[in-house]
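Participant: Taking my numbering as reference, the numbering of the sequence shown is continuous, increasing by one, and the terminal residue is 378. Every residue gets a Cβ at the ideal spot worked out from N, C-alpha and C, and that includes glycine. Predicted model, so just to flag it, every value in this text is computed and none were measured.
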Amino acid sequence: MKKICIFLVCLACFSCERFKVKKTTPEAILKEELKTFNWDEVDAYPSFKVCDSSLIKQEQKQCFERVLREHIMTVLQKEIIVVTQDINDTVSLDFKVSEKGDLQLNDIQLDSITEKEIPNIKILLHKSLDSLPDIFPAVKRGQHVKTEFKLPIIINVN
Numbered sequence: 221m222k223k224i225c226i227f228l229v230c231l232a233c234f235s236c237e238r239f240k241v242k243k244t245t246p247e248a249i250l251k252e253e254l255k256t257f258n259w260d261e262v263d264a265y266p267s268f269k270v271c272d273s274s275l276i277k278q279e280q281k282q283c284f285e286r287v288l289r290e291h292i293m294t295v296l297q298k299e300i301i302v303v304t305q306d307i308n309d310t311v312s313l314d315f316k317v318s319e320k321g322d323l324q325l326n327d328i329q330l331d332s333i334t335e336k337e338i339p340n341i342k343i344l345l346h347k348s349l350d351s352l353p354d355i356f357p358a359v360k361r362g363q364h365v366k367t368e369f370k371l372p373i374i375i376n377v378n
């Protein structure tokens, strides 16, 4: 009986180490959770009203880019552009869509010949973005987030 009592006392004294609970703060949990995110991908791409929200993610992206490209091209085709030589160039537009759905054109990459032949092309591209329909921002884990992307546009003037 004495051995059993000594065993129970030893067990009680040394077993508490095994039951220690590690205290953690909400900030620590948040920091650990943020490490698991893939910040390069969103759950839903920015979209326009005409793009169906039931589409899969890749189709949403394609619809958004198609509507944006078609809108820009429609505005550009209304302009009278006179050139001295044929132009066949791919213009790369760098965009940012804010958390509120505001679209901002960050950079325009185009060939020097295109810029020489159409000196106001940057103004025309900015003008085409002024009349865009409302944009719904990208979504990541239920929150609206800003996104950046490149959009190639083919300029063909004969």
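Note down the Cα distance separating A264 from E335, rounded to an integer number of angstroms.
Facilitator: For A264 and E335, the distance between alpha carbons rounds to 35 angstroms.
Participant: With which residues is F268 paired in a DSSP beta bridge?
Facilitator: DSSP, once it has assigned bridges, lists I355 as partnering F268.
Participant: Can you list, in chain order, the residues of its chain with a C-beta nearer than 8 angstroms to that of K281? Leave out the 5 residues immediately preceding and following it.
Facilitator: Excluding residues within five positions, the ones whose Cβ falls inside 8 angstroms are Y265.
Participant: Determine the extent of the beta strand (DSSP E) in which Q363 is found, giving its start and end residues.
Facilitator: Looking at the DSSP string, the run of the beta strand (DSSP E) that includes Q363 is 363-365.
Participant: Can you check which of these residues, L344, V262, Q305, is closest to P357 by C-alpha distance?
Facilitator: Here the closest residue by C-alpha is V262.
Participant: Tell me, which residues are paired with P372 by DSSP?
Facilitator: Beta-bridge pairing links P372 to S312.
Participant: Are the beta-carbon atoms belonging to F284 and P353 less than 7 angstroms from one another?
Facilitator: Contact flag unset, no.
Participant: Tell me whether V303 sits in a helix, a strand or coil according to DSSP, three-state version.
Facilitator: Coil at V303, not helix or strand.
Participant: Could you say which of K277, R286, Q278 lies nearest to V270 if we only look at CA atoms?
Facilitator: Nearest of K277, R286, Q278 to V270, Cα basis: R286.
Participant: By Cβ distance below 6 angstroms, which residues in the same chain neighbour V303 in space, the five residues on each side in sequence not counted?
Facilitator: Only E337, V377 meet the Cβ criterion.
Participant: For V365, collect the residues of the same chain with a Cβ closer than 8 angstroms to its Cβ; drop the 5 residues on either side in sequence, then sort them by chain order.
Facilitator: Excluding positions up to five away in sequence, the list reads V262, E319, P357, A358, V359.
Participant: With distances taken Cα to Cα, identify the nearest neighbour of I355 among Q324, P246, I333, H346.
Facilitator: When only C-alpha atoms are compared, the closest one is Q324.
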